[in-house]
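Colleague: For reference, each letter of the sequence shown is one residue, going 2 to 363 in my numbering.
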Amino acid sequence: MSKGVLQSRTLAAKAFTVVAVNIMRVFIPIFSVALITHAAVNALAASQLTIYTAASQDELKKIESAFRNEIKDVEIRWVRDSTNAISKRLRVESGQPKADVVWGVAASGIADLAADGYFLPYSPKEFTSLDRRYSDGQTPPRWIGLRVWANALCVNRDLMAAKKLQMPERWGDLLDPAFKKRIVALDPSGSRTGLMTVFGWRSLWGSDGAWRYMEGLHRNVAIYMRGGNAPCDLVARGLYPIGISYAYRVAKYIAKGRPIELIMPGDGVGWDVEAMAIVQGTPYVETARAFADWIIGQTAMKLQSRQFGLMSRQENLFEVRFYPEKLKDALVPIDFEQHANERENLLAEWRLRFGAKAEPEQ
2 MSKGVLQSRT LAAKAFTVVA VNIMRVFIPI FSVALITHAA VNALAASQLT IYTAASQDEL
62 KKIESAFRNE IKDVEIRWVR DSTNAISKRL RVESGQPKAD VVWGVAASGI ADLAADGYFL
122 PYSPKEFTSL DRRYSDGQTP PRWIGLRVWA NALCVNRDLM AAKKLQMPER WGDLLDPAFK
182 KRIVALDPSG SRTGLMTVFG WRSLWGSDGA WRYMEGLHRN VAIYMRGGNA PCDLVARGLY
242 PIGISYAYRV AKYIAKGRPI ELIMPGDGVG WDVEAMAIVQ GTPYVETARA FADWIIGQTA
302 MKLQSRQFGL MSRQENLFEV RFYPEKLKDA LVPIDFEQHA NERENLLAEW RLRFGAKAEP
362 EQ
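1. Specify the secondary structure class of phenylalanine 120 as computed by DSSP and reduced to three states.
2. What are the partner residues of arginine 78, as DSSP defines its beta bridges?
3. Could you check whether leucine 187 and glycine 269 sit closer than 8 Å to each other, using their CB atoms as the reference points?
4. May I ask which residues mark the beginning and end of the alpha helix (DSSP H) holding arginine 92?
5. Could you give the distance in angstroms between the alpha-carbon of isoleucine 297 and the alpha-carbon of asparagine 221?
6. Note down the Cα distance separating glycine 217 from alanine 357, rounded to an integer number of angstroms.
7. Based on DSSP bridge pairs, tell me the residues matched to arginine 148.
8. The alpha helix (DSSP H) with leucine 235 in it runs from where to where?
9. Could you check the C-alpha separation between tyrosine 247 and asparagine 70 for me, to the nearest Å?
10. Can you have a look at alanine 1 and say buried or exposed, based on whether 16 or more other CB atoms are within 10 angstroms of its CB?
11. Skipping 5 residues on each side, what residues in its chain have a beta carbon closer than 7 Å to that of glutamate 360?
12. Alpha carbon to alpha carbon, what distance is there between proline 125 and alanine 293?
13. Got a sec, what are the start and stop residues for the beta strand (DSSP E) isoleucine 64 sits in?
14. Which of helix, strand or coil does DSSP assign to asparagine 43?
15. May I ask you to list the residues that DSSP assigns as paired with valine 103?
16. In whole angstroms, what separates the C-alpha of glycine 258 from that of alanine 252?
17. Whole angstroms is fine: what's the gap from glutamate 60's alpha carbon to serine 306's?
18. Under a Cβ-count criterion, where at least 16 other Cβ atoms within 10 Å of its own Cβ denotes burial, should threonine 54 be classed as buried or exposed?
19. Please confirm whether leucine 175 has its beta-carbon closer than 8 Å to some beta-carbon of chain C.
20. Can you check whether the CB of arginine 171 is closer than 8 Å to the CB of proline 266?
21. With a floor of 4 residues, list each alpha helix (DSSP H) that falls wholly inside the region 134-196, ordered by position along the chain.
22. Using a Cβ-Cβ cut-off of 6 Å (strictly less than) and excluding sequence neighbours within five positions of glutamine 167, which residues of its own chain qualify?
23. For arginine 143, does the count of other Cβ atoms within 10 angstroms reach 16, so buried, or fall short, so exposed?
24. For the alpha helix (DSSP H) holding glutamate 343, just list the boundary residues, first then last.
25. Between the C-alpha atoms of alanine 86 and glutamine 58, what's the straight-line distance to the nearest angstrom?
26. What does a CB cutoff of less than 8 Å around glutamate 362 pick up in its chain, not counting 5 residues either side in sequence?
27. Report buried or exposed for glycine 118, applying the criterion of at least 16 other Cβ atoms within 10 angstroms of its Cβ.
28. Valine 80: which of Gln49, Ser208, Ser109 sits nearest, CA to CA?
29. Just to confirm my understanding: we take glycine 229, look at its own chain, exclude 5 residues before and 5 after, and list those with CB closer than 8 Å. What are they?
30. How many angstroms separate the CA atom of glycine 239 from the CA atom of leucine 160?
31. Please identify the residue among Ser130, Ala56, Leu121, Pro242 whose C-alpha is closest to the C-alpha of alanine 107.
32. For arginine 352, which option in Ile72, Lys182, Ala100, Trp212 has the closest C-alpha, if you only look at C-alpha atoms?
33. Nearest by alpha-carbon distance to alanine 151: which of Leu332, Glu343, Leu347, Glu350 is it?
34. Rounded to whole angstroms, what's the CA-CA distance from aspartate 336 to glycine 271? Just pull it up for me.
35. Can you find the residues in the same chain that come closer than 6 Å, C-beta to C-beta, to glutamine 8, ignoring five residues on each side of it along the sequence?
What follows is the structure in structure tokens.
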């Protein structure tokens, strides 16, 4: 082989190498980006939703099973805690949200978060099937109310007769001196039912009127319990004649044959609603919306109604025996955002005035 031919082949090989390197420099980054993008799309499509909730463990299993029957490619990671703890956690995580959805938390505990921009507004597909008063007033709503619970008096008929006490008809009747140390009430700092009771009184009579009423009631209260079920439990056991409770709990005791009366005070009653919302900043927006669409559908709402007598979906999903038919008419207007903003000051004042009779924290 001549020297000239060898030099030509060497130059050609070098040129080919340069071209090949340049091609790799161009296409490898493009290919890498394509792979990353493909992986990201797949991750979003087969996402794992993280849902913060205050619901019971047993209920979560039923909800997840029913949800995955319809939307099979989504796994749910539940994080359970109290509504207060969830609210605080969402604020701490606001820069880097860990949750995609909140569900089964009291509206009174998240309404202020909605006002501060923590939730993504969304109207689920069947939102028009819901009673609008139980959800956020903005359109589209920042949170969606699902299941409602409301105040009722739990009254032991036998004890009332034995003590020759008059059945109360209105909140003011509980101020009768004959009820001194005979009423079990709730500590609003330990119970959402207790908090909604106070919110109800504030809606009825304003802040000053509610404090005056609570001062009068305090003289007749034997103890303020921290658990929402406790007042009616004690009344059902025959330990006290009257407990400030919620309608579903009272109805359940009546269904068990206990000598209990459910009384809706004629002035009106406080209430709260368990809600759901999509967390602002979730990377799984479409999947979170799919959950919202599903959770307000008839199948899911029927499943959720088992421990609540009143749902935001307007058709009758599950009838609770002895539940008051006209409960809706007794509900007072509640401004959840205002009450949420005033909550800490209200509880601090309540503890100063009435904490001496409160059940100790455990």
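Don't be surprised by glycine CBs; every beta carbon is placed ideally from N, CA and C.
Modeller: So, to answer that:
1. strand
2. Thr51
3. no
4. 84-93
5. 42 Å
6. 15 Å
7. Glu275, Met312
8. 231-237
9. 33 Å
10. Not covered by the structure: residue 1. The range shown for the chain is 2 to 363.
11. Asp188, Ile224, Tyr225, Met226, Arg227
12. 6 Å
13. Run containing isoleucine 64: none in the beta strand (DSSP E); it sits in the alpha helix (DSSP H), 58-71.
14. Because asparagine 43 sits at a pLDDT of 38, beneath the cut-off of 50, its placement in the model cannot be relied upon, and the following sentence gives the value as read from the coordinates. If DSSP states are grouped into helix, strand and coil, asparagine 43 belongs with the helices.
15. Tyr53, Ala278
16. 10 Å
17. 11 Å
18. buried
19. Here there is only one protein chain, and chain C is not present.
20. yes
21. 158-163
22. none
23. buried
24. 337-355
25. 17 Å
26. Gly191, Arg227
27. exposed
28. Gln49
29. Leu187, Ser192, Arg193, Thr194, Gly195, Ser246, Tyr247, Arg250
30. 7 Å
31. Ala56
32. Trp212
33. Leu332
34. 11 Å
35. Confidence is the limiting factor: at glutamine 8 the pLDDT is only 45, short of 50, which leaves the residue's position unreliable, though a coordinate-based value still follows. The answer is none, since no qualifying residue turns up.
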